[in-house]
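Positions in the sequence shown are counted from 1; adding 19 to them yields our numbering. Note that CB positions come from ideal geometry on N, CA and C, so glycine has one too. What follows is a set of notes on a single structure, which appears directly below.
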Amino acid sequence: MSVGNDEIDADHMRLIRIINDFEKSPDLAHAEVAARKLFGYAEAHFLREEEVLRLAGFAGLEHHAAAHRHILDELKGHIRDYFLQPKGASADEVIWQMALLMHDWIVSHVLTFDQGIKACVADTDQGISTYDPGASASGG
């Protein structure tokens with residue numbers, strides 16, 4: 020799962036922990052908080068990753084950034100559909116559906132797409148900001 024950049028790798032592990040926390044949500048209220056935390060952290064991670072790619076001169080930056088925007092749009096749509104305009108699904112069903120999306124994102128993006136940046140970003144830790152928009156609200 021590693022791309023060889025400490026900050027990006029740490030972000031990926033943090034995203035997995037947030038997804039695992041989401042799956043343990045006891046109800047929709049907790050699931051919504053976890054989903055929003057994931058969205059905020061993913062958004063911040065994508066900005067950090069894109070900055071690392073920019074500093075490293077990654078030729079595929081525009082394509083990679085477009086993939087990030089697509090993931091965020093998809094996640095935002097699911098948050099809207101499941102939490103802001105619920106369609107009567109049970110809490111378990113919502114959590115299961117969202118968890119599938121999140122796992123698919125981690126597998127398809129991080130384990131495959133991000134491996135394409137490995138040669139470019141390995142060992143290029145640039146002191147990119149580690150701002151976590153969800154840390155103060157969640158204690159972590």
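Can you tell me where the alpha helix (DSSP H) holding residue i begins and where it ends?
i	result
G59	L47 to A75
G23	From DSSP, G23 is part of no alpha helix (DSSP H); its letter is neither H nor E.
V129	Where V129 is concerned, there is no enclosing alpha helix (DSSP H), given that its DSSP letter is neither H nor E.
I125	Per DSSP, I125 belongs to no alpha helix (DSSP H) and is neither H nor E.
K137	K137 to V140
D92	L80 to I98
Just to confirm, is the Cβ distance from residue i to residue j under 7 Å?
i	j	result
A110	L66	no
A118	E26	no
E51	F132	no
Y60	I37	yes
W115	I90	no
In its own chain, which residues sit with a C-beta less than 7 Å from the C-beta of residue i, not counting the 5 before and 5 after it?
i	result
H31	M20 and V129
A53	I37, D40, F41 and S44
Using a Cβ-Cβ cut-off of 8 Å (strictly less than) and excluding sequence neighbours within five positions of residue i, which residues of its own chain qualify?
i	result
D28	M20, S21 and V22
Give me the Cβ distance between residue i and residue j, rounded to the nearest whole Å; I'm assuming they're in contact under 8 Å.
i	j	result
I98	R55	7 Å
E69	H87	7 Å
Using a Cβ-Cβ cutoff of less than 6 Å, which residues in the same chain neighbour residue i once the five nearest sequence positions on both sides are dropped?
i	result
L94	F58
P45	none
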